[in-house]
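Enquirer: Be aware that the sequence shown starts at 2, since it is given in my numbering, and climbs by one per residue.
The beta-carbon is built from N, C-alpha and C at its ideal position, and this holds for glycine as well.
Small disclaimer: the values here were computed from a predicted structure and weren't measured.
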Amino acid sequence: MKQTKREFILYSFYDHTSIARHLETMALKGWRLEKIRTNGVWIYRRAEPRALHYAVTYLPQASDYEDVEKAQEEFLSLCAAAGWHLAAQTFQMLILYSEAEDPVPLDTDPAIQVANLHEAMCAGYIWGNVLMLAVAFFALLSIAAKLKQCAIFVLSSPLILLLACLLILLVLYSGGELAAYLLWYKKALRMAEEEGCFLPTRGGRWKDVLLCLSVTALLTALLVCGEWRAWISIVFFTVGVGLCQRIGSAFRDRLKRAGKSGAFNRGATFLLLLLLIILLQHGQDRLSEVFAREDHEEVTYSYLGKEYTAYCDPLPLTLGSLTGVDDSHYSSRLYARSTVLASILSGSQICRQDVSGAPYSQFYYHLYRSPLSFPLDDSVCWSPRYVELSILQDPAADSQRTDPTPFGAEEAWFRRHNGCREYLLRFESCVIQLSFGWEPSQEQVTQALNTLLAL
């Protein structure tokens, strides 16, 4: 029979009432809390089922970064004299239990209880949520700036949309936690002063369960949409963050046992975690490069003593179909991604270095589609012609509107840029961008448009 049990507790740090009630229920089932890990996992040990009383108290001076055992031992000795024994501790939260049928109340002054809890919250929990809110807010601002710059690029990216959804969930969760606590704290202060009682909490785990279900649904949607490589990247990053947390906790505990000051321990642990996160991001970038290489067919060739890479992706529209040239003389690369909100399909052909006398140097095109109307207006403009780069807005002063009638389009722009003739054409259901490395005939432009519109 299993003697230990692990549980990931989804209670707010200040939700003392729900925590005590849950532990009393677990004791009736024969499980006693033994330890709380810093990653949020609570460890129970099997025991004889019996009714126990649990209480949650807060010791503001307690710390995971410095040794304050003397002050804590004095507090626990007073608790033991009243029949309360320490079950587990996490940061400034101490969970105690009593086997007495009618135990002496652990805390008797509601004003001190409220003050201790608030001081413990300010020691880390509140500022942690504020920091998460700030990071999420600025990340959302960055996505909003990209959305304004080139909406189609953002809306066609499953990862960006997933990140935006996760950031919104984080804002709602952290903001909700802070708002709920501040409302409770304001009411608890008033009741402690006016009625002389400590206000119970009624948080529960529903909001945390809802958050977990929402994140799971988003990751599942990403997997169902065929973005398994992106899903693997997210799993890799999540596992990596867990490992970083474990390493940081072990390093912090080692410094604490060595008697280092709390300020030194916090600073050193922060620097270590920063280094680990940088290494983790580097590893994720390398993983993304591996996935990106698998997306393309490529060959390596030598020219004048240098090595070059040529892509051999099958393209829906090629120079060969427009002009009759040999497509094998060109590096052909396809870029495509889509969501339910938007899609991008781009193709590029660049003449290989080892081919001389080619009549055409390059050819690019981008096809943007969306059921929404706003991504297909001015937010889609001249993109970088190299599809291997991020497709972002790049307005050009020399672009000018032209007559859309010959193209059957609703709107049309034209410009000459770096020796290329470029068209941006807006149709009812899509936007097409064409970049010719030569002076194309009307027939070639029409053929290219018909091919792309048929996709």
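Going by C-alpha to C-alpha distance, which of 346, 114, 354 sits closest to residue 369?
Expert: The candidate whose alpha carbon is nearest that of residue 369 is 346.
Enquirer: Can you give me the start and stop residues for the alpha helix (DSSP H) that residue 166 sits inside?
Expert: Unbroken alpha helix (DSSP H) run through residue 166: 159-195.
Enquirer: Going by DSSP, name the residue or residues bridged to residue 310.
Expert: Residue 310 pairs with 301.
Enquirer: Cα separation between residue 302 and residue 351?
Expert: Spanning the two alpha carbons is a distance of roughly 14 Å.
Enquirer: Kindly indicate the opening and closing residues of the alpha helix (DSSP H) around residue 10.
Expert: Unbroken run through residue 10: none, as it is neither H nor E.
Enquirer: Specify whether the segment 141-157 and the segment 120-129 touch according to this definition: at least 3 beta carbon pairs, one from each stretch, less than 8 Å apart.
Expert: No: the two stretches stay apart, fewer than three of their Cβ pairs being nearer than 8 Å.
Enquirer: Once DSSP output is grouped into helix, strand and coil, what is the label at residue 401?
Expert: Strand.
Enquirer: Three-state secondary structure (DSSP) at residue 361?
Expert: Reduced to three states, the DSSP call for residue 361 is coil.
Enquirer: Can you confirm whether the segment 195-202 touches the segment 96-111 when touching is taken to mean that 3 or more C-beta pairs between the two stretches lie within less than 8 Å?
Expert: Output reads yes: the segment 195-202 touches the segment 96-111.
Enquirer: Could you tell me how far apart the beta carbons of residue 8 and residue 45 are, in whole angstroms, since I believe they sit closer than 8 Å?
Expert: Right, the Cβ-Cβ distance comes to about 7 Å (below 8 Å), so this counts as a contact.
Enquirer: Can you say whether residue 340 is buried or exposed, counting buried as having 16 or more other CB atoms within 10 angstroms of its CB?
Expert: When all chains shown are included, residue 340 counts as buried.
Enquirer: Rounded to a whole number of angstroms, what is the C-alpha to C-alpha distance between residue 432 and residue 426?
Expert: Each residue's alpha carbon lies about 6 Å from the other.
Enquirer: Using C-beta distances below 7 Å, list every residue in its chain close to residue 142, excluding the 5 sequence neighbours before and after it, in chain order.
Expert: Closer than 7 Å at Cβ, skipping near neighbours: no residue.
Enquirer: When the Cα atoms are used, what is the spatial distance from residue 348 to residue 357?
Expert: When rounded, the distance between both Cα atoms is 22 Å.
Enquirer: Residues bridged to residue 86 by DSSP?
Expert: For residue 86, which the question treats as bridged, DSSP gives the partners 98.
Enquirer: Whether or not the segment 411-418 and the segment 327-342 are in contact is what I'm after, with contact meaning three or more pairs of Cβ atoms, one per stretch, closer than 8 Å; do they touch?
Expert: No, the segment 327-342 is not in contact with the segment 411-418.
Enquirer: For residue 36, which residues from the same chain have a beta carbon less than 8 Å from its beta carbon, with the 5 sequence-adjacent residues on both sides left out?
Expert: Result list for residue 36: 43, 44, 89, in chain order.
Enquirer: Since residue 350 sits in a beta bridge, which residues does DSSP pair it with?
Expert: According to DSSP, residue 350 bridges with 333, 364.
Enquirer: Please list, in chain order, all residues of the same chain as residue 10 whose beta carbon is under 6 Å from its beta carbon, the five residues on each side excluded.
Expert: Once the five neighbours on either side are set aside, the close Cβ partners of residue 10 are 43.
Enquirer: Find out if the Cβ-Cβ distance for the pair residue 201, residue 26 is shorter than 7 Å.
Expert: Going by C-beta atoms, residue 201 is not nearer than 7 Å to residue 26.
Enquirer: Do you know offhand how far residue 176's Cα is from residue 274's?
Expert: About 25 Å.
Enquirer: Going by the CB atoms, is the gap between residue 249 and residue 281 shorter than 7 Å?
Expert: No. Outside cutoff.
Enquirer: Which residues mark the beginning and the end of the beta strand (DSSP E) in which residue 43 is found?
Expert: Where residue 43 is concerned, the enclosing beta strand (DSSP E) stretches over 42-47.
Enquirer: Could you give the distance in angstroms between the alpha-carbon of residue 279 and the alpha-carbon of residue 338?
Expert: Taking the straight line joining both Cα atoms gives about 28 Å.
Enquirer: At the level of alpha carbons, what is the spacing between residue 14 and residue 57?
Expert: Approximately 10 Å, taken between the alpha carbons.
Enquirer: To the nearest angstrom, how far is it from the Cα of residue 405 to the Cα of residue 453?
Expert: Going by the C-alpha atoms only, they are around 17 Å apart.
Enquirer: Three-state secondary structure (DSSP) at residue 28?
Expert: If DSSP states are grouped into helix, strand and coil, residue 28 belongs with the helices.
Enquirer: What are the boundary residues of the beta strand (DSSP E) that residue 58 is part of?
Expert: Element bounds for residue 58: 54-59.
Enquirer: Note down the Cα distance separating residue 47 from residue 119, rounded to an integer number of angstroms.
Expert: Roughly 34 Å separates the two Cα atoms.
Enquirer: For residue 411, which three-state DSSP category applies?
Expert: In this structure, residue 411 counts as coil in the three-state DSSP scheme.
Enquirer: Compare the Cα-Cα distances from residue 51 to each of 38, 28, 73, 403 and report the closest residue.
Expert: Nearest C-alpha to residue 51: 28.
Enquirer: I need the straight-line Cα distance from residue 82 to residue 94, nearest angstrom please.
Expert: Whole-angstrom Cα-Cα distance: 20 Å.
Enquirer: Any idea what DSSP makes of residue 15, helix, strand or coil?
Expert: In this structure, residue 15 counts as coil in the three-state DSSP scheme.
Enquirer: Which partner residues does residue 423 have in the DSSP bridge list?
Expert: Bridge partners of residue 423: 416, 436.
Enquirer: Nearest to residue 186 by alpha carbon, out of 116, 171, 146, 172?
Expert: With distances taken between Cα atoms, residue 186 lies closest to 116.
Enquirer: Quick one, which of 132, 409, 277 has its alpha-carbon nearest residue 247's?
Expert: Nearest option by C-alpha distance: 277.
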